[in-house]
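In what follows, a structure is listed as structure tokens, so that the remarks can point back to it.
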Amino acid sequence: MKPKIKTTLLLLIFSSFIISSCVSTRVESSPHLDGVVNLECQKRSSWSYYWGLKQKRVDTNPEVAGTICPCREGGMSWVVVQTSFTDFLLSTVTIGIVNHRTVTYGCARAPHDDDDPDN
Numbered sequence: 227m228k229p230k231i232k233t234t235l236l237l238l239i240f241s242s243f244i245i246s247s248c249v250s251t252r253v254e255s256s257p258h259l260d261g262v263v264n265l266e267c268q269k270r271s272s273w274s275y276y277w278g279l280k281q282k283r284v285d286t287n288p289e290v291a292g293t294i295c296p297c298r299e300g301g302m303s304w305v306v307v308q309t310s311f312t313d314f315l316l317s318t319v320t321i322g323i324v325n326h327r328t329v330t331y332g333c334a335r336a337p338h339d340d341d342d343p344d345n
């Protein structure tokens, strides 16, 4: 095989791994409620520093001071945490000092006033 074709093939394979490689973790509050349709997804970036020692705390209770509550209006059904190849590469290059994750929250939608029968 010619060196140019071999290099192109290796570059193509490496690029496909970079684009598609990621780690994903899903945590559900109740796996039996998989058919819930009234959910709203919120996608956020999560950064932690110094091997996780400095990070913002996420809490489902909006009353806790100093925390982020992505589902203020309703309950949280599930959370998906994704780490892409570039996030992993950033963590490797900085020896774990900087870590990035993409977090998606499945929140119950706020009730609408249209559903109130007294109006």
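Here the sequence shown stands for residues 227 to 345, numbered as in the numbering used here.
Glycine included, each C-beta is placed from N, C-alpha and C at the ideal position.
Note that the coordinates shown come from a computational prediction; the quantities given were computed from them, not determined experimentally.
| Check | Outcome |
| --- | --- |
| What does a CB cutoff of less than 8 angstroms around glycine 268 pick up in its chain, not counting 5 residues either side in sequence? | It should be pointed out that residue 268 corresponds to glutamine in this sequence rather than to glycine. Excluding sequence neighbours, glutamine 268 sits near Pro296, Cys297, Thr330, Tyr331 and Cys333. |
| Determine the contact status of glycine 317 and serine 255, defining contact as a CB-CB distance below 8 angstroms. | Contrary to the premise, residue 317 reads as serine rather than glycine in this sequence. No, the Cβ-Cβ distance between serine 317 and serine 255 is not below 8 angstroms. |
| Which word fits valine 305, buried or exposed, when buried means at least 16 other C-beta atoms lie within 10 angstroms of its C-beta? | buried |
| Are serine 272 and lysine 280 close, meaning C-beta to C-beta below 8 angstroms? | no |
| According to DSSP, is serine 303 part of a helix, a strand, or is it coil? | strand |
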